[in-house]
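Taking it in order: structure first as structure tokens, then the write-up.
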Amino acid sequence: MPMPASFPALIVGLLLGCSSFFATSDTLSDAQRLMRQGQTAHALEKVDAYLANKPSDAQGRFLKGLALTEMGKQQEAIAVFSKLTEDYPELPETYNNLAVLYAQQKQYEKARTALEMAIRIHPGYATAYDNLGDVYAMLSGQAYDKALQLDPSRQVTQSKRARLRELNKSSTSSSRVAMLPAGETGSSRKTSNEPAVMPIAEASIPAAGTSAATIPTGKGITPLAAATDADKSVQQATVISSDERAVTKALQGWVGAWSRKDAKAYLAYYAADFRTPGGMPRKAWENERTRPMNKLGRLQVEIEDIKVSFADDKATVRLRQHYSSPYLKSSVTKTIILVKSRGRWLIQQERIG
Numbered sequence: 030m031p032m033p034a035s036f037p038a039l040i041v042g043l044l045l046g047c048s049s050f051f052a053t054s055d056t057l058s059d060a061q062r063l064m065r066q067g068q069t070a071h072a073l074e075k076v077d078a079y080l081a082n083k084p085s086d087a088q089g090r091f092l093k094g095l096a097l098t099e100m101g102k103q104q105e106a107i108a109v110f111s112k113l114t115e116d117y118p119e120l121p122e123t124y125n126n127l128a129v130l131y132a133q134q135k136q137y138e139k140a141r142t143a144l145e146m147a148i149r150i151h152p153g154y155a156t157a158y159d160n161l162g163d164v165y166a167m168l169s170g171q172a173y174d175k176a177l178q179l180d181p182s183r184q185v186t187q188s189k190r191a192r193l194r195e196l197n198k199s200s201t202s203s204s205r206v207a208m209l210p211a212g213e214t215g216s217s218r219k220t221s222n223e224p225a226v227m228p229i230a231e232a233s234i235p236a237a238g239t240s241a242a243t244i245p246t247g248k249g250i251t252p253l254a255a256a257t258d259a260d261k262s263v264q265q266a267t268v269i270s271s272d273e274r275a276v277t278k279a280l281q282g283w284v285g286a287w288s289r290k291d292a293k294a295y296l297a298y299y300a301a302d303f304r305t306p307g308g309m310p311r312k313a314w315e316n317e318r319t320r321p322m323n324k325l326g327r328l329q330v331e332i333e334d335i336k337v338s339f340a341d342d343k344a345t346v347r348l349r350q351h352y353s354s355p356y357l358k359s360s361v362t363k364t365i366i367l368v369k370s371r372g373r374w375l376i377q378q379e380r381i382g
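In this text, residue positions in the sequence shown follow my numbering: the first is 30, and each later residue adds one.
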């Protein structure tokens with residue numbers, strides 16, 4: 030079964046939109062320019078020279094994987110992207126491009142697994158969902174082919190197979206690729222990777238104000254019930270303001286532990302019923318999240334634009350997170366849901382977007 034027209038363009042498309050991604054290094058910017066000009070071998074030389082001094086640099090390794098792909102060295106590219114998923118498992122873009130390489134080799138099951146991992150990390154990753162749809166189409170085609178081999182007379186299967194072929198022919202060529210965090214990703218999100226420690230800006234908490242309604246009584250006397258309701262409003266506003274400060278303080282402590290690479294303190298900010306991405310085992314998630322803390326170099330995390338709302342005894346927070354390390358820099362918008370347990374606000378859910 031032929032590949033959809035969209036798949037061959039995936040990796041190439043990434044090269045056309047990476048200017049902001051590689052802006053942090055003149056060497057990598059030069060390499061990217063050379064790749065755009067078709068001088069991929071020369072670009073790879075520059076990337077290799079860069080990695081000789083910074084062998085763990087995620088951006089350099091990512092670009093090397095692209096260069097190898099352009100040169101038709103798929104196995105070497107797969108090795109580069111596979112190692113990146115081990116060292117930086119929080120990057121959905123790497124899984125996406127690894128899936129593209131597997132799909133080009135007709136290893137659709139491996140491609141499916143990689144894309145599902147990308148979606149587990151970033152549930153709002155449209156590029157990965159789009160590519161996963163193509164992979165499912167390939168797997169469906171293989172299943173129909175097998176069915177027809179076993180029973181060529183199955184007219185219903187023949188009809189389905191023909192419709193699927195037409196669907197694949199009508200697929201438009203699109204560049205559904207992902208960039209590493211530090212710029213706009215293929216999923217149209219502003220990606221950010223594991224942050225590093227930086228001073229955390231205090232969230233601006235609006236003063237809670239209450240306006241008491243004037244209730245006409247006919248006697249010029251405010252009823253006792255009305256006064257009681259007003260008192261309750263003031264008390265409730267005070268509690269909400271206090272909870273906002275407590276939630277913000279908890280998030281500051283969370284980011285502070287992250288920046289200090291204090292894994293134990295960091296994990297203590299997550300509730301016992303924390304919902305791990307894709308339902309992965311809690312221990313596996315903890316190992317994945319704390320792995321970057323074991324790397325050398327300073328880790329800096331900063332949060333800003335904190336907005337807190339309350340409903341059903343939970344706090345929902347929208348914020349902007351900035352992550353920086355010697356290996357990775359990224360910025361991302363996050364939604365975090367916290368619950369109160371034994372007087373502490375703990376993270377129950379955490380997602381990008």
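Just so you know, even glycine gets a beta-carbon here, dropped at the ideal spot from N, CA and C.
Taking the Cα positions, ARG192 is about 11 Å away from VAL185.
The residue from LEU177, TYR165 and PRO118 with its alpha-carbon nearest to that of ILE150 is PRO118.
Assignment of GLU331 by DSSP, reduced to helix, strand and coil, places it in the strand class. Counting only runs of at least 4 residues, the region 48-119 fully encloses the following alpha helix (DSSP H) elements, listed from N- to C-terminal order: 55-65, 69-82, 87-99 and 103-116. Nearest Cα to GLY382 within the set VAL346, LEU367 and LEU357: VAL346.
Residue GLU379 holds the alpha-carbon nearest to the alpha-carbon of LEU367 among GLU379, VAL361 and SER359. Burial of MET146 is indicated by the presence of at least 16 other C-beta atoms within 10 angstroms of its C-beta. Less than 8 Å separates the beta-carbon of ASN125 from that of ALA157. Put simply, the backbone Cα of GLN377 is about 11 Å away from that of SER370. Taking the Cβ atoms as the reference, THR277 lies roughly 19 Å from VAL361, outside the contact range of under 8 Å. In the structure shown, the three-state DSSP call for LEU296 is helix. Shortest Cα-Cα distance from ASP159 to any of LYS135, ALA128 and ALA172 involves ALA128.
In this structure, the straight-line span from the alpha carbon of VAL109 to that of TRP283 is close to 32 Å.
Distance from the CA atom of SER353 to the CA atom of LYS343, rounded to whole angstroms, is 30 Å. The C-beta separation of TYR137 from MET167 comes to about 5 Å, placing the pair in contact by the 8 Å criterion. SER359 counts as buried, since at least 16 other C-beta atoms from the protein chains shown sit within 10 angstroms of its C-beta. Sequence-distant partners of GLU315 (beyond 5 residues in either direction) whose C-beta falls short of 7 Å from its own C-beta, in its chain, are LEU296. Residue environment analysis places ASP86 among the buried positions, since at least 16 neighbouring C-beta atoms fall within 10 angstroms of its C-beta. Shown here for ARG90: same chain residues with a beta carbon closer than 7 Å to its own, the five before and five after excluded, namely LEU80, VAL109 and LEU113 in chain order. Non-local beta-carbon contacts of LEU375 in its own chain, meaning distances under 7 Å to residues more than five positions away in sequence, involve TYR298, TYR299, ALA300, LEU367 and VAL368 in chain order.
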